[in-house]
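Student: Protein chains in written order, with the working numbering: chain A, 1103 to 1287; chain B, 28 to 114; chain C, 12 to 998. C-beta: ideal position from N, C-alpha, C; glycine also. Since this is a predicted model, take the numbers as computed values, not measurements.
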Amino acid sequence: MAEMTTNRIPLTAPPTQAALADRAPVVREGVTLEALPEGTILHLLARPTQVAAPFADKVAAAGLDLRVVAPGQWFATAPTVMSGADLVVLSQALKPEVDVVDQSHGRVGIVLHGPLAARVLAKGTAVDLDPSAFPVGRSATTLVGHIAAHLTRVNAERFEIVVQRGFAGSLFDDLSQMSLEFARL
Amino acid sequence: MASLITCPHCGARPKEEFTVKSAALPRPSADAGEAVWFDHVYLRDNPRGAYEEYWHHTSGCRRWLVVSRNTATHEVADARDASEARP
Amino acid sequence: MTSYRLPTGGLVDRTAPLSFTFDGKALSGLAGDSLASALLANGVRLVGRSFKYHRPRGILTAGASEPNALVTVGTGGRSEPNSRATMQELYAGLVATSQNRWPSLDLDIGALNGLLWPFLGAGFYYKTFMWPGALWEKLYEPFIRKAAGLGRATYESDPDQYEKQWAHCDLLVVGAGPAGLSAALAAGRAGARVIVADEQAHAGGALLSETATIGGASAPCFAAAMVAELQSLPNVQLLTRATVFGWYDDMVFGAVERVQKHVAAPQAHRPMERLWRIVARRALLATGAEERPLVFGGNDTPGVMMAGAARTYLNRYGIAAGRKAAIFTTNDSGYALARDLEAAGVELAAIVDSRRQRPSDYRGKARLISGAIVTDARGGKSLSSIRVSHDGRTEDISVDLLAMSGGFNPVINLACHRGGRPVWSDAQGAFLAPESLAGLALAGAANAVTGIAACLADGAEAGARLAAELGFAAAPDSTPSVEDDIIAAPTAPLWSVPGSKVKAFVDFQNDVHVKDLGLAVREGYGHVELAKRYTTMGMATDQGKLSNVNAIGLLAQVRGVSPGEVGTTTFRPFYTPVSFAALAGAHHGRHFQPVRKSPMHDWAKARGATFVETGLWYRPAWFPQPGETHWRTSVDREVRNVRANVGLCDMSTLGKIEICGSDAAAFLDRVYCNPFLKLPVGKARYGLMLREDGMVYDDGTTSRIAEDRFFMTTTTAYAAGVMNHLEFCSQALWPELDMRLASATDQWAQLAVAGPKARAVLSQIVDDDISDAAFPFLAAGEVSLCGSALRGRLFRISFSGELAYELAVPAGFGPAIADAIMAAGEAHGICAYGAEALAVLRIEKGHVTHNEINGTVVPSDLGLGRMVSAKKPDFIGRAMLAREGLQAPGRAQLVGVVPLDKADAFRSGAHILAAGAETTLENDQGYITSSCFSPHVGSSIGLALVRNGAARHGEEIVIWNGLRGEITRGRLCAPVFVDPEGGRLHG
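1. Just checking: is the beta-carbon of B:Leu31 within a distance shorter than 8 Å of some beta-carbon in chain C?
2. Beta-carbon separation of C:Gly333 and C:Thr386 under 8 Å?
3. Mind checking the region 567 to 585 of chain C against chain B and listing, in chain order, the residues whose C-beta falls within less than 7 Å of any C-beta there?
4. Straight-line CA distance for C:Ser48 to C:Gln278?
5. State the DSSP-derived secondary structure class of A:Phe1269, mapped to helix, strand or coil.
6. Of all Cβ atoms in chain B, is any one closer than 8 Å to the Cβ of C:Val263?
7. What residues from chain C crowd round B:Trp91, counting only those whose CB sits closer than 7 Å?
8. Whole angstroms is fine: what's the gap from C:Ser416's alpha carbon to C:Asn561's?
9. Can you tell me whether C:Asn559 is buried or exposed, with buried defined as 16 or more other CB within 10 angstroms of its CB?
10. Does the beta carbon of A:Glu1283 come closer than 8 Å to any beta carbon on chain C?
11. I'd like to confirm the pairing. Which residues does DSSP put opposite C:Pro282 in its beta bridges?
12. How far does the alpha helix (DSSP H) with C:Leu51 in it reach, from first residue to last?
13. Of the choices A:Ala1250, A:Leu1231 and A:His1207, whose alpha-carbon is the least far from that of A:Ala1180?
14. Could you tell me which residues DSSP puts in a beta bridge with C:Tyr259?
15. What three-state label does DSSP hand C:Gly658 in the structure shown?
16. What is the rounded straight-line gap between the Cα of C:Arg322 and the Cα of A:Lys1225?
17. Thinking C-beta only, is C:Val868 closer than 8 Å to C:Leu924?
18. At least one CB of chain A closer than 8 Å to the CB of B:His36: is that the case?
19. Mapping the DSSP letters down to three states, classify C:Phe917 as helix, strand or coil.
20. Just how far apart, CA to CA, sit C:Asp779 and C:Val794?
21. If you draw a straight line from the C-alpha of C:Gln554 to the C-alpha of C:Val572, how long is it?
22. Give the residues of chain C in contact with A:Ala1228, contact being defined as C-beta atoms less than 8 Å apart.
23. Relative to the C-alpha of C:Gly578, which candidate in C:Ala928, C:Gly564, C:Gly356 and C:Phe591 has its C-alpha closest?
24. Suppose the cutoff is 6 Å on Cβ atoms and the five residues either side in sequence are ignored; what does the same chain contact list for C:Arg293 look like?
25. Cβ of C:Asp674 within 8 Å of Cβ of C:Met734?
26. Give the secondary structure of C:Leu453 by DSSP, where H, G and I count as helix, E and B as strand, and everything else as coil.
27. Just to make sure I have the definition right: I need the residues of chain C whose C-beta is within less than 9 Å of the C-beta of B:Ala59. Which are they?
28. Touching or not, the region 26 to 37 of chain C and the region 362 to 375 of chain C, by the rule of three or more beta carbon pairs under 8 Å?
29. Using a C-beta cutoff of 8 Å, does A:Phe1177 count as contacting chain C?
30. Taking the C-alpha atoms as reference points, what is the distance between C:Phe442 and C:Leu295?
31. If you draw a straight line from the alpha carbon of B:Ala99 to that of C:Gly43, how long is it in whole angstroms?
32. Buried or exposed for A:Val1202, please, with buried defined as at least 16 other CB atoms from any protein chain shown within 10 angstroms of its CB.
33. Given this structure, state the Cα-to-Cα distance separating A:Leu1223 from A:Leu1214, to the nearest angstrom.
34. Could you check the C-alpha separation between C:Asp469 and C:Gly455 for me, to the nearest Å?
35. Taking Cβ-Cβ distances shorter than 8 Å, what residues in chain C pair up with B:Tyr78?
36. Between the region 1249 to 1269 of chain A and the region 1226 to 1240 of chain A, can you find at least three pairs of beta-carbon atoms closer than 8 Å?
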């Protein structure tokens, strides 16, 4: 297709609209709920028998964290937006073991942090969040209330939740409700 | 009905995360004939005791499993990934 | 009324009086009181009226099994009927109201039922309301409904929060009495994750009512020390005010925690109740034992009370439940009460012991009548005397409190929730838990162990054993010495007392008395499950906790068999009633179900869209413009504008699936009935998916983005189902295929730009050449947008039948790109259109949706028979589609419908009848699947599935809506109302 770059209608500001732009952080006594700014979330699809990730170094080199989603599936995440060109380079580098599907706009990050974060999450998920069962670095895809979400313990008192964009507002509001008993009076 | 299903990939999870489809039966070949296909699509045993079913970990890893459960005691004897446990 | 509170004693705070009301009367209790103890302290004995006979009833127990003292607590939206006064903690300002009485508790007209009792015996309903059937609706049902139930639920909404929580532990200990506490300590000290749940406000169980000395400390102090140690262990969680109500499969327990049921002013941000789902590797029931009532005449008179309850009111609450007491017992536990009553200075008139043998260690002053029974209790609304029968003589003794003990039933309900049956033990004279319960054990009184020392030891041993099973090295502590420990060895049960002329109640809550059970056996309902239904024993809120074993004993006696042979009814959750609010948790109101929002939601909202719920999604239905007051005006305008100019519609809710891998094409070829193997890169194709039975499942377009990558769209409604289905096919049916799937529904904002001027508009946005030659119908590919500001995917597909494109951009760019399109389209008269106009456009074009794909149609029924591949060796649905009947003549087929008179309208769902046919269902020939007003045609139009429809175009028919009484004359036609040649698509 021929490039025709004249007389284009420009994108008006702001060019992108974050899914949770209207949700202010919810600060409770011992736990805080925040929407993460738009970054990069790549869905890596390998064969389901692929247990280890031999391509982890390539992902790390691209500045992305790897999180287990399912057999043969990972999220590669970064807090910053990856350029289209870099995405193409990484996608090519990971071929043929891995197909990359960009979900940076399709998934939304929510973070829950503080000493009571696990206690709040236990109101939604049946995953045992005791550090002995769910240590730092562990991920799980699970129901949080009525919404399926991807949960990662990034440190002892900090959980990142990745959820489908269309559900993000509801999940944020549900988490806000779950943390309500710790409201600052 | 079980309260928890131990997903071979995710560990024990509540049944709410799963969707159950039907008896885990092998799909007949395309030319198996109408009688075989009719049985496959419409006829099911309803045993008291061991039963194998397809369960989908819909709100988890989204893998299809073959869950062996006892219809009388509700005990789940086994849950395997469907790709490895073809009936 | 002078106080029944003793000058000293009890665990109540005498410096903290709390005022409350009962039936409007102002009363005062103390912090630490239950509502029941506070009522007793004030001398209130008459607390409620019984269910059937409206008999005066008082407080029988001090715990969870209370059948009589049911009151409504609270007012307005917080009022809760059938609250057990024995379980309700007192708080300042508590408002309690008695139930099941009119006009007042003291003067209750319904008590006349008591005089009618010969006619109200067991099976009364079954015998009386048999016929004539015509009376059911008018007379019987209203009568039964009026008479049914105890308290009344409020119509006001509950103002409080509720929530649910999961918890995980190695060991769940149910009950924090001596056995439970020592078990939790043994396992907790060994490092196991332990949860201890107790239904009371304070842990300690029976120790809180004990006067024994344990290891030199009073029993409550000893309990407090155990609790303090438990609370110091980080691996132990103690839940009080939490009732474990059910044992479910896979070691999941349900518990309800009453977080704020005991506070005067609940805090809005905290839940009122919390529902726990506890996943435990092991569980220990240390639930204690329930004291068995004795069945004698008038045993329901207020002032007759369980002996253990009287002891709890005395020792824990500092209350004498009467001024002059007697004790009727079959075992040694009554003597513990005798000792404590005498120590507290309460006059004890007599101990009536059914046994001949006197306990050797009884040192009290009270008169002991051995080998004796109480045959009758008298006094109506308050006990005044008892009649004692011994050695052939009867004697009346004037008392206002009779404490009774018929032995103990271990509380084994939870142990039987998963199908296990209680086992009768002749040695214990009680039902015990079934043996070999995987993962669950019992300790203490629940395990038929008696005495504090033995319960402490049994609990410690069980806690250590269960922890050791899980790999925690634990050794039970040595048990402390216990002084004044009363060990009530089991005695032969006394199922009922002979010689009374008046009603002797077995089930207090359901007014089942001895004669009812005999009647049930005589009339052939002697099986325990039948007797339950026939007499209603063991039903309602207490589920027979107190009464069932006596009822079984009596059935056994009448039938001449052992109680073990009679057996028990099935124990099911819930152990005690659980509020619907707790079960719903936070999932009500706006948290009832998630709302799914398109990335264009706010954009559409800002343009004034009216939204419609479709599944979880909220979609713009139409965009009213200034001056438009009727939805049809807006929708007609949007439809006309798309046909004449151009419109923009949000299609983001369509399911979108990315399919990758070298076998992706082969996979699609198997899941669609039409061919996909050779779809060229850069092309989209309409695909039809079948179910394995040959019926159409879903449709959509799938585009080949690259040799090994496809982009599928599904209908909004079936997006999740199709994804599950594709995963099933790839994982369970054909795991050998090299392909992978990812849902990309939420990644893309997808915008349809439709209408003759669509290209003129989009060419200002899309950098690439989108002329018909460069980007023809069904072209698909990645494009550069807005001067290389962004990349998106463009599809030349059309749902409206017009020249149309769908443009997908990463979701966050949706609003900005839509703004850009609207700006580019301004000169071309662009408008935003919603789901209603979208539906009109597709009906005008005869495109099917799930209105037509109703689970009974095959492709040929929809006129899509030619799509089905005859060459592919296999695809989902191929084998069954070949069935003769699915291709036979006479099937319902898709047609169009128009009214003969353009002014007439009809609705979806209406039946199609042959012209002139009588309007009966027998004449039904099909139905309208979709209908709308078509601005293009200028009348109502519809799509319909009609028998043999494809061959009947032009035939006059009748459209009959029997529900609304509408009959419209119409005509069948081809199901395409606009541009049947399809020229506009290719414009």
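Tutor: Once the coordinates are examined:
1. Taking the first residue of the second sequence as position 1, residue 31 of chain B is located at position 4. Yes, B:Leu31 lies at the interface with chain C (some Cβ there is under 8 Å from its Cβ).
2. To locate residue 333 of chain C, count along the third sequence from 1; it is residue 322. To locate residue 386 of chain C, count along the third sequence from 1; it is residue 375. No, these two residues do not count as a Cβ contact at 8 Å.
3. none
4. Taking the third sequence and counting its residues from 1, one reaches residue 48 of chain C at position 37. Taking the third sequence and counting its residues from 1, one reaches residue 278 of chain C at position 267. Taking the Cα positions, C:Ser48 is about 26 Å away from C:Gln278.
5. Reading the first sequence from its first residue, position 167 is the one you call residue 1269 of chain A. In the structure shown, A:Phe1269 sits in a helix (DSSP, three-state: H, G or I).
6. Here residue 263 of chain C refers to the residue found at position 252 of the third sequence. In terms of beta-carbon proximity, C:Val263 lines the interface with chain B, with at least one pair separated by less than 8 Å.
7. Position 64 of the second sequence holds residue 91 of chain B. The contacting residues are Glu738, Phe739, Gln742 and Ala743.
8. Position 405 of the third sequence, counted from the first residue, corresponds to residue 416 of chain C. Position 550 of the third sequence, counted from the first residue, corresponds to residue 561 of chain C. If you take the alpha carbons of C:Ser416 and C:Asn561, they lie about 12 Å apart.
9. Working through the third sequence from its first residue, we reach residue 559 of chain C at position 548. When all chains shown are included, C:Asn559 counts as buried.
10. As a position in the first sequence, residue 1283 of chain A is number 181, starting the count at 1. With 8 Å as the cut-off, A:Glu1283 counts as an interface residue toward chain C.
11. Position 271 of the third sequence, counted from the first residue, corresponds to residue 282 of chain C. According to DSSP, C:Pro282 bridges with C:Gln172.
12. The residue labelled residue 51 of chain C in the question sits at position 40 within the third sequence. Taken as a continuous stretch (DSSP letters only), the alpha helix (DSSP H) holding C:Leu51 covers Leu46 to Ala52.
13. Position 78 of the first sequence, counting from 1, holds the residue named residue 1180 of chain A. Taking only the C-alpha atoms, the option nearest A:Ala1180 is A:His1207.
14. Residue numbering aside, residue 259 of chain C sits at position 248 when the third sequence is read from its first letter. Its beta-bridge partners are C:Val263.
15. Translated into positions along the third sequence, residue 658 of chain C becomes position 647. In this structure, C:Gly658 counts as strand in the three-state DSSP scheme.
16. The residue labelled residue 322 of chain C in the question sits at position 311 within the third sequence. The residue labelled residue 1225 of chain A in the question sits at position 123 within the first sequence. Each residue's alpha carbon lies about 40 Å from the other.
17. One-based indexing of the third sequence puts residue 924 of chain C at position 913. One-based indexing of the third sequence puts residue 868 of chain C at position 857. No, Cβ-Cβ distance for C:Leu924 and C:Val868 is not below 8 Å.
18. For the purposes of this step, residue 36 of chain B is taken as residue 9 along the second sequence, with counting starting at 1. So, interface residue.
19. One-based indexing of the third sequence puts residue 917 of chain C at position 906. DSSP places C:Phe917 in coil when its eight states are reduced to three.
20. The residue labelled residue 779 of chain C in the question sits at position 768 within the third sequence. The residue labelled residue 794 of chain C in the question sits at position 783 within the third sequence. Spanning the two alpha carbons is a distance of roughly 6 Å.
21. In the third sequence, counting from the first residue as 1, residue 554 of chain C sits at position 543. In the third sequence, counting from the first residue as 1, residue 572 of chain C sits at position 561. Straight-line Cα distance between these residues: approximately 24 Å.
22. As a first step, residue 1228 of chain A is located in the first sequence; it is residue number 126 there, counting from the start. Chain C residues near A:Ala1228: Trp177, Arg288 and Val290.
23. The count along the third sequence starts at 1 and reaches residue 578 of chain C at position 567. It is C:Gly564.
24. Here residue 293 of chain C refers to the residue found at position 282 of the third sequence. Result list for C:Arg293: Leu182, Gly450 and Leu477, in chain order.
25. Here the question's residue 674 of chain C lines up with position 663 in the third sequence. Here the question's residue 734 of chain C lines up with position 723 in the third sequence. No, these two residues do not count as a Cβ contact at 8 Å.
26. In the third sequence, counting from the first residue as 1, residue 453 of chain C sits at position 442. Strand, per DSSP.
27. Here residue 59 of chain B refers to the residue found at position 32 when the second sequence is read from its first residue. What B:Ala59 touches in chain C: Ala890.
28. no
29. In the first sequence, the residue the question calls residue 1177 of chain A occupies position 75. It does not; no Cβ of chain C falls within 8 Å.
30. Taking the third sequence and counting its residues from 1, one reaches residue 442 of chain C at position 431. Taking the third sequence and counting its residues from 1, one reaches residue 295 of chain C at position 284. So the alpha carbons of these two residues sit roughly 18 Å apart.
31. Here residue 99 of chain B is taken as the residue at index 72 of the second sequence, counted from 1. Here residue 43 of chain C is taken as the residue at index 32 of the third sequence, counted from 1. Roughly 47 Å separates the two Cα atoms.
32. Position 100 of the first sequence, counted from the first residue, corresponds to residue 1202 of chain A. When all chains shown are included, A:Val1202 counts as buried.
33. Numbered from 1 along the first sequence, position 121 holds the residue referred to as residue 1223 of chain A. Numbered from 1 along the first sequence, position 112 holds the residue referred to as residue 1214 of chain A. C-alpha separation (whole angstroms): 8 Å.
34. Within the third sequence, residue 469 of chain C is the residue found at index 458, counting from 1. Within the third sequence, residue 455 of chain C is the residue found at index 444, counting from 1. Between the alpha carbons of C:Asp469 and C:Gly455 lies a distance of about 6 Å.
35. By one-based count along the second sequence, residue 78 of chain B stands at place 51. Within 8 Å Cβ-Cβ: nothing; B:Tyr78 doesn't reach chain C, min ~15 Å.
36. Output reads yes: the region 1249 to 1269 of chain A touches the region 1226 to 1240 of chain A.
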